[in-house]
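Peer 1: Here it is, the structure, as structure tokens.
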Amino acid sequence: MRDFGVKCDRYVFMKYTLSEFTHNKSLRFLLLLYFNSCTMRKGSCCMYATGIISAHLVIVGIALFVAGVFQTMIHNKIKGEITLTEGSKVFATWKNPPPPVFMEFFFFNVTNPEAFLKGEAKPHVTEMGPYTYREYRPKHNVTFVDNGTKVAAYTPKSFVFVPEKSVGDPSVDLVTTVNIPAVAVMNKIKGAGFWVSSGFSMFMNSIGTTMFMTRTVNDLLWGFKDPLLTRLRSVKPEVEEYFGLMYNKNGSNDGEFVYHTGEHNYLDFGRIYTWKGQKLMSFWKTNQSNMINGSDGSAFHPFLSKEERLNVFTPDLCRSIHMRFEKDVEVKGIPAYRFTPPRDVLASGKNNPENEGFCLMPKNCLDDGVLDVSVCRKGAPVVVSFPHFHMGDKKYADAIDGISPVHAHHQTFLDLNPTMGVPVRAMKRAQINIHLDRISGFPLTRNLNNTIFPIIFLNESVVIDDVSAARIQKLLLIVKLVSYFPLILITLGVILLFITIILIVRYCQNKMSAKKDTMYTPVSAKSDEQDEKNGTFIGLTPVDVQKC
Numbered sequence: 002m003r004d005f006g007v008k009c010d011r012y013v014f015m016k017y018t019l020s021e022f023t024h025n026k027s028l029r030f031l032l033l034l035y036f037n038s039c040t041m042r043k044g045s046c047c048m049y050a051t052g053i054i055s056a057h058l059v060i061v062g063i064a065l066f067v068a069g070v071f072q073t074m075i076h077n078k079i080k081g082e083i084t085l086t087e088g089s090k091v092f093a094t095w096k097n098p099p100p101p102v103f104m105e106f107f108f109f110n111v112t113n114p115e116a117f118l119k120g121e122a123k124p125h126v127t128e129m130g131p132y133t134y135r136e137y138r139p140k141h142n143v144t145f146v147d148n149g150t151k152v153a154a155y156t157p158k159s160f161v162f163v164p165e166k167s168v169g170d171p172s173v174d175l176v177t178t179v180n181i182p183a184v185a186v187m188n189k190i191k192g193a194g195f196w197v198s199s200g201f202s203m204f205m206n207s208i209g210t211t212m213f214m215t216r217t218v219n220d221l222l223w224g225f226k227d228p229l230l231t232r233l234r235s236v237k238p239e240v241e242e243y244f245g246l247m248y249n250k251n252g253s254n255d256g257e258f259v260y261h262t263g264e265h266n267y268l269d270f271g272r273i274y275t276w277k278g279q280k281l282m283s284f285w286k287t288n289q290s291n292m293i294n295g296s297d298g299s300a301f302h303p304f305l306s307k308e309e310r311l312n313v314f315t316p317d318l319c320r321s322i323h324m325r326f327e328k329d330v331e332v333k334g335i336p337a338y339r340f341t342p343p344r345d346v347l348a349s350g351k352n353n354p355e356n357e358g359f360c361l362m363p364k365n366c367l368d369d370g371v372l373d374v375s376v377c378r379k380g381a382p383v384v385v386s387f388p389h390f391h392m393g394d395k396k397y398a399d400a401i402d403g404i405s406p407v408h409a410h411h412q413t414f415l416d417l418n419p420t421m422g423v424p425v426r427a428m429k430r431a432q433i434n435i436h437l438d439r440i441s442g443f444p445l446t447r448n449l450n451n452t453i454f455p456i457i458f459l460n461e462s463v464v465i466d467d468v469s470a471a472r473i474q475k476l477l478l479i480v481k482l483v484s485y486f487p488l489i490l491i492t493l494g495v496i497l498l499f500i501t502i503i504l505i506v507r508y509c510q511n512k513m514s515a516k517k518d519t520m521y522t523p524v525s526a527k528s529d530e531q532d533e534k535n536g537t538f539i540g541l542t543p544v545d546v547q548k549c
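Position one of the sequence shown corresponds to residue 2 (the numbering used here), numbered consecutively onward.
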């Protein structure tokens with residue numbers, strides 16, 4: 002029977018046969034003991050390696066976190082991609098936004114026009130709506146100017162009725178409201194003198210024109226042939242005989258906008274450079290009021306902060322407004338900052354000096370919450386506000402029965418992802434009113450007393466589509482992982498440090514156990530008859546071997 006030997010570290014088992022190894026209990030015990038000794042030696046190597054790796058991970062992770070290397074790298078990558086340039090990540094969606102935009106119209110139906118005109122009661126209105134239209138607004142004639150640093154475009158808007166999101170049929174439903182063409186004409190000629198006004202008043206009576214009219218929703222929105230305007234057109238051909246709140250706006254645009262691309266400065270991304278070829282408007286009294294500030298509301302620069310003042314230019318208001326952070330929200334799993342116009346946006350000049358330039362007639366300045374835009378509405382006495390005079394002077398809502406402002410239903414807001422600057426949800430709400438006051442020579446107005454009369458309010462809304470939301474979620478995850486990579490290294494280092502401590506404890510325990518078990522070394526043993534017969538001797542012979 003052949004000899005059997007085992008070499009382990011500094012010890013060699015020898016002088017025994019295979020049968021001796023099989024039947025000798027002491028031999029098996031000692032062999033197991035010294036195999037454990039071998040394992041302990043390899044464990045010490047693993048312990049040292051784990052400790053060194055953990056220390057390096059922690060040190061490197063802390064250094065990268067303090068230096069902000071990875072965060073700077075991903076931020077620069079995003080700034081380079083979010084530009085209005087060919088081939089950028091956002092250019093295609095900027096030209097043709099995929100999320101559906103809806104425009105809702107709510108009319109104020111007057112139930113007591115006769116009593117109001119007689120001065121017997123406040124006007125009473127009931128809200129009718131929504132009448133909802135899908136809005137399409139792709140950008141056309143997109144061209145780069147100024148050596149590619151800016152991009153020019155038109156944004157034609159078209160509207161398609163959505164019956165399932167509407168309360169009725171706009172071609173059938175009737176609304177009683179202020180006769181805006183008549184009021185506009187009366188305001189046009191009120192400076193011509195009492196006799197001219199009186200004569201024109203008699204002419205209006207002869208053709209049956211009154212202060213209020215009843216028309217279908219379609220007529221009021223998209224236009225109808227007005228009898229008074231038709232008669233005036235026969236005398237003045239330049240007068241438009243059709244009137245509608247959205248007349249000629251289906252398929253039209255607000256003029257050419259030129260935008261900064263943001264290629265050289267990410268803070269300029271989407272910012273308006275000129276509108277209709279002008280850097281400043283000429284409607285208002287001061288340069289500050291005439292400034293075209295910010296974007297058009299469809300694009301904002303990345304890495305927004307809660308302290309920012311976001312400027313938005315609105316052609317419908319003929320001015321720029323600003324928004325402030327309100328609260329954190331989440332839309333389809335995407336974190337967002339909600340920005341909303343503060344109360345001082347439409348505050349009067351006496352309460353907000355920035356707005357002094359918007360009052361063209363100092364003796365007739367309006368109070369908080371309303372803006373006279375007749376200067377950019379061909380002289381028609383149009384006044385804009387937030388719906389139901391939200392954030393306006395209480396007297397405006399108190400003057401009309403049926404008006405009740407509610408912040409959640411009537412506020413304008415933008416929900417923007419702060420990392421990408423992408424609008425994930427928006428509600429643009431505005432109300433169109435007519436300023437009704439006594440006009441000399443027109444008996445129909447004798448009981449009017451400076452009333453801001455609500456006509457309609459609009460809610461232009463958009464929520465990010467599911468495909469775009471999924472893409473943004475993926476991008477945000479990548480940004481988070483790259484930005485937090487140093488913290489991941491630190492975490493792995495700490496975990497390995499705990500493992501190293503566990504290995505040290507186990508190593509010390511095994512070492513103590515090994516010392517205790519090898520205090521007595523048998524030179525010879527007789528375990529049974531077979532051992533005695535074979536004359537087994539076990540020897541421990543030290544040998545020199547390299548450490549792990």
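Cβ atoms here follow ideal geometry from the backbone N, Cα and C, with glycine treated the same way.
#1: For the candidate residues Ser199, Gly263, Pro124 and Tyr137, whose alpha-carbon lies nearest to that of Thr178?
#2: When the Cα atoms are used, what is the spatial distance from Leu32 to Arg507?
#3: Could you name the residues of the same chain whose beta carbon sits closer than 7 Å to that of Asn294, not counting the 5 residues immediately before and after it, in chain order?
#4: Can you find at least 3 beta carbon pairs, one from the region 475-482 and one from the region 415-424, that sit closer than 8 Å?
#5: In or out: His408 buried (at least 16 other Cβ within 10 Å) or exposed?
#6: On a Cα-Cα basis, can you pick out the residue from Arg339, Ile489, Ala381 and Thr492 that is closest to Asp438?
#7: Could you name each continuous alpha helix (DSSP H) segment of 4 residues or more that falls completely within the region 105-147, going from the start of the chain to the end?
#8: For the alpha helix (DSSP H) containing His410, name the first residue and the last one.
#9: Pull up the distance between the alpha-carbon of Ile181 and that of Lys191, whole angstroms please.
#10: How about Phe387 and Ala431: do their beta carbons lie closer than 8 Å?
#11: Are the CB atoms of Met392 and Arg344 within a distance shorter than 8 Å?
#12: Do Phe414 and Ser198 have their CB atoms nearer than 8 Å?
#13: I'd like the span of the beta strand (DSSP E) that includes Val152, first residue to last.
#14: In chain order, what residues of the same chain lie with their CB nearer than 6 Å to the CB of Gly298, ignoring the 5 residues before and after it?
#15: Assuming Ala183 and Met205 are in contact, meaning their beta carbons sit under 8 Å apart, how far apart are those beta carbons, in whole angstroms?
#16: Please classify Leu28 as buried or exposed, where buried requires at least 16 other C-beta atoms within 10 Å of its C-beta.
#17: Would you be able to state if there are at least three C-beta pairs under 8 Å between the region 159-173 and the region 128-141?
#18: Is Thr211 buried or exposed, if buried means 16 or more other CB atoms sit within 10 Å of its CB?
#19: Tell me the DSSP secondary structure of Asn365 in three-state form.
#20: To the nearest angstrom, how far is the alpha carbon of Pro157 from that of Asp147?
#21: My assumption, with CB atoms under 8 Å, is that Leu246 sits in contact with Ile433. Please give the rounded CB distance.
#22: Please identify the residue among Ala398, Ile502, Gly494 and Phe458 whose C-alpha is closest to the C-alpha of Glu105.
#23: Quick check on DSSP: helix, strand or coil for Thr420?
Peer 2: So, from the listed chains and residues:
#1: Nearest C-alpha to Thr178 among Ser199, Gly263, Pro124 and Tyr137: Pro124.
#2: Interpretation of Leu32 is limited by its pLDDT of 48, a score under 50 that renders its predicted location unreliable; the figure taken from the coordinates is listed afterwards. Approximately 21 Å between the Cα atoms of the pair.
#3: Asn312, Phe314 and Ser321
#4: yes
#5: exposed
#6: Ala381
#7: 114-118
#8: His408 to His411
#9: Cα to Cα, the separation comes out at about 15 Å.
#10: yes
#11: yes
#12: No, these two residues do not count as a Cβ contact at 8 Å.
#13: Lys151 to Tyr155
#14: Setting aside the 5 residues that flank it on each side, Gly298 is surrounded in the same chain by Val313, each with a C-beta closer than 6 Å to its C-beta; the list follows chain order.
#15: 7 Å
#16: In this prediction, Leu28 has a pLDDT of 49, which is less than 50 and means its spatial position is unreliable; what the coordinates show is noted afterwards. Buried, because 16 or more other Cβ atoms sit within 10 Å of the Cβ of Leu28.
#17: yes
#18: The residue is exposed, with fewer than 16 neighbouring Cβ atoms inside 10 Å.
#19: Looking at Asn365 - three-state DSSP - the assignment turns out to be helix.
#20: 24 Å
#21: 7 Å
#22: Phe458
#23: coil
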